[in-house]
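Chain order of the listed sequences is A and B.
Positions in the first sequence are counted from 1; adding 72 to them yields my numbering.
Positions in the second sequence are counted from 1; adding 9 to them yields my numbering.
We put the beta carbon where it would ideally sit given N, CA and C, even for glycine.
The structure presented is a predicted model; accordingly, all values stated were derived computationally and were not measured.
Structure, as structure tokens:
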Amino acid sequence: MMTVMTTMRHALALLAFLPIVSGNAVAAPCCAGASALPSLITGDEAQNFSAAFSYGTVVGDAFGAMDGRLPELRDDHSNHEQRESLTLNYATLVSDRFQVGGSVPVVGNQITAGSRSDSKILLGDVSFTAGYEALPEWEYSVWKPRIFTFFQGVLPTGKSVQVSESPLGTDVAGLGQWQTNVGAAAIKRWSVWDATLVFKAGRLFSQTFESSLNGVARVGGSWGWSASLGGGYSFGDLFRVGASLEPQYQSPQEVSTSVTTSMTSQKLVWNTNLTATALIGSDSSLVLGYSDQTLFGPAINTTLARTFSLSFQQRFER
Amino acid sequence: MKKMSLSLGVYALFLALANTACGMSPLLHHANPADGTDAITNDSTNDSIDHPASACEWSFPTLGLCAHHVWTKEPDRENEGSFRLVFFKPDQPAVAVDPSALGATTVFVKLWMPEMGHGSQKVVTIPAKDAQGASLAGEYDATEVYFVMAGNWEIYVQLKDAAGNVIDSAKINYTAK
């Protein structure tokens, strides 16, 4: 009985923390934004902490909807852009079914264009989450998943492209706009197989920026959504591999400056995430992730990156 | 020991993969020029650096002026460019007219990417001079012209009075590849 319980606990631990399950894709400085998925405890622990390091390279550009061109691969003469991030995630239960959490990313950008090169390390857009386990799994069901609903707020702590003072944009670390999202995550496990479905929709609020380089710019609000459909397979109770497909969409925004008023193109990108999770102790695990934005499309008005991530996750049992 | 070996293996695999974030994609177009010499090209609205002086690329209705440009150094994906901006009356294209004589003391050039909603680095615009250092009336040099990323851009030219108020503004389209 004890062995069965231990095995079940390990199995849940492999699916314990949502952002890790679905990888940790990052965007290039021009298109920086908060991670698509919130910090949520989806296992049986009381608290969860993770530190995730990611290293991404921009390998292509997808043009705006009006442009008409196919996405293009960058070559030796293009800007070389690397983006690293260290993201600290924490979530804790405040009751049996309520939880709160937060995510603090630190972003490092390194860009080389011809003979020019620059790098910066900055704070990204900090986010917080309030979650509720809307459909617990009190008893086993073949089909009924555990469902979590959540609210996510994103603070404008990351420097926006509108106030960038770097010619290469290395000091851009976020959208710099308030953002609120609501969503739900459904998680189901069948023996060694599991499936995850997450949907999130939200509003990016208008913001006025002022900088010595660009003057005053007012960026209008927009709507956005993201979804993630994934699955995984566990080998024994110590190792799991997973994959997910995660489209992200943002509607056009009006941008007004002293020179021009224009409507941006919509943005759409598809993250393909692969993860390998290994338990390294009864309450901790390592997650190796790979995220690729070039495998599925259409991609619109965004840079396209490939990102590797390595996460350490520590759980604190109830 | 088994768990320790597993975690070391995961870490080693990450380090190996992190150095190889490259490869072919089914989504991407792979037909970019390899040499980059034609990395940035003009579109139909500014398709030649040899266009005639009469080409009214930027039209300023308030002051009744036109302007055209000639690349002195065309930018590419690695380097800044520069162009000569020439103002003239539509009915006298061969005669350069200085906007300052009409109250526009400042010529301001800005690069803007409308679909992304952001600009590029600041363009420096100064009155042009000939080889002997004499001012060329009605001609301005725009330098440090750099398109930070590929895509559709707009090149705005604004004429401002001494107080910084915009008297006239016009744009052309530009495609950076």
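{"Query": "Between the alpha carbons of residue 175/A and residue 125/B, how many angstroms are there, rounded?", "Result": "27 Å"}
{"Query": "Taking the alpha carbon of residue 277/A as the reference point, which residue from 236/A, 385/A, 326/A has its own alpha carbon closest?", "Result": "326/A"}
{"Query": "With a threshold of 8 Å between beta-carbons, can residue 281/A be considered close to chain B, or not?", "Result": "no"}
{"Query": "Output yes or no for whether 8 Å exceeds the beta carbon distance between residue 331/A and residue 371/A.", "Result": "no"}
{"Query": "Is residue 88/B close to chain A? Criterion is C-beta to C-beta, closer than 8 Å.", "Result": "yes"}
{"Query": "Hey, which unbroken runs of the beta strand (DSSP E) at 3 residues or more fall wholly within the stretch 343-374 of chain A?", "Result": "356-364"}
{"Query": "Where do the N-terminal and C-terminal ends of the beta strand (DSSP E) with residue 192/A fall, by residue?", "Result": "188-195"}
{"Query": "Report yes or no: do the stretch 311-324 of chain A and the stretch 340-360 of chain A share at least 3 C-beta pairs separated by less than 8 Å?", "Result": "yes"}
{"Query": "Any C-beta of chain A within less than 9 Å: which residues of the stretch 144-174 of chain B qualify?", "Result": "153, 155, 157, 158, 159, 160, 161, 163, 165, 167"}
{"Query": "Any idea what DSSP makes of residue 110/B, helix, strand or coil?", "Result": "helix"}
{"Query": "Buried or exposed for residue 43/B, please, with buried defined as at least 16 other CB atoms from any protein chain shown within 10 angstroms of its CB.", "Result": "With a pLDDT of 38 at residue 43/B, under the threshold of 50, the predicted position of this residue should be treated as unreliable, though the coordinate-derived value follows. By the 10 Å Cβ count, residue 43/B comes out exposed."}
{"Query": "From residue 176/B to residue 167/B, what distance separates their C-alpha atoms?", "Result": "8 Å"}
{"Query": "Quick one: list the residues of chain A neighbouring residue 128/B, beta-carbon separation under 7 Å, in chain order.", "Result": "286"}
{"Query": "On the DSSP letters alone, give me the boundaries of the beta strand (DSSP E) that residue 177/B sits inside.", "Result": "175-185"}
{"Query": "For a cutoff of 8 Å on Cβ pairs, would you count residue 123/B as touching chain A?", "Result": "yes"}
{"Query": "Taking the beta strand (DSSP E) that residue 161/A belongs to, which residues open and close that run?", "Result": "152-165"}
{"Query": "Find the residues of chain B that neighbour residue 327/A, judging by a C-beta separation of less than 7 Å, and give them in chain order.", "Result": "126"}
{"Query": "Would you identify the three-state DSSP class for residue 132/B, choosing helix, strand or coil?", "Result": "coil"}
{"Query": "Would you mind working out which of 89/B, 115/B, 69/B sits nearest residue 130/B, comparing C-alpha positions?", "Result": "89/B"}
{"Query": "Leaving out five residues on either side along the sequence, give the residues of the same chain with a beta carbon under 6 Å from the beta carbon of residue 380/A.", "Result": "127, 362"}
{"Query": "Report yes if the CB atom of residue 94/B is closer than 8 Å to the CB atom of residue 163/B, and no otherwise.", "Result": "no"}
{"Query": "With a cut-off of 8 Å, do at least 3 Cβ pairs link the stretch 183-195 of chain A to the stretch 249-262 of chain A?", "Result": "no"}
{"Query": "Tell me, please, whether the CB atom of residue 178/B is closer than 8 Å to any CB atom in chain A?", "Result": "yes"}
{"Query": "List, in chain order, every chain B residue whose beta-carbon is nearer than 8 Å to that of residue 344/A.", "Result": "The premise fails here: residue 344/A is roughly 10 Å from chain B at the closest Cβ pair, so nothing lies under 8 Å."}
{"Query": "From residue 127/B to residue 239/A, what distance separates their C-alpha atoms?", "Result": "12 Å"}
{"Query": "Quick one: does residue 82/B have its CB under 8 Å from some CB of chain A?", "Result": "no"}
{"Query": "Can you name, in chain order, every residue of its own chain whose Cβ lies under 8 Å from the Cβ of residue 166/A, other than the five neighbours on each side?", "Result": "172"}
{"Query": "State buried or exposed for residue 161/B, treating a residue as buried only when at least 16 other CB atoms are found within 10 Å of its CB.", "Result": "buried"}
{"Query": "Mapping the DSSP letters down to three states, classify residue 235/A as helix, strand or coil.", "Result": "helix"}
{"Query": "Could you check if residue 265/A is buried or exposed, using at least 16 other CB atoms within 10 Å of its CB as the buried criterion?", "Result": "exposed"}
{"Query": "Run the CB neighbour count on residue 104/B, radius 10 Å, all protein chains shown included, and call it buried at 16 or more, exposed below.", "Result": "exposed"}
{"Query": "Looking at C-beta atoms only, is the number of pairs between the stretch 254-273 of chain A and the stretch 215-222 of chain A that lie closer than 8 Å three or more?", "Result": "yes"}
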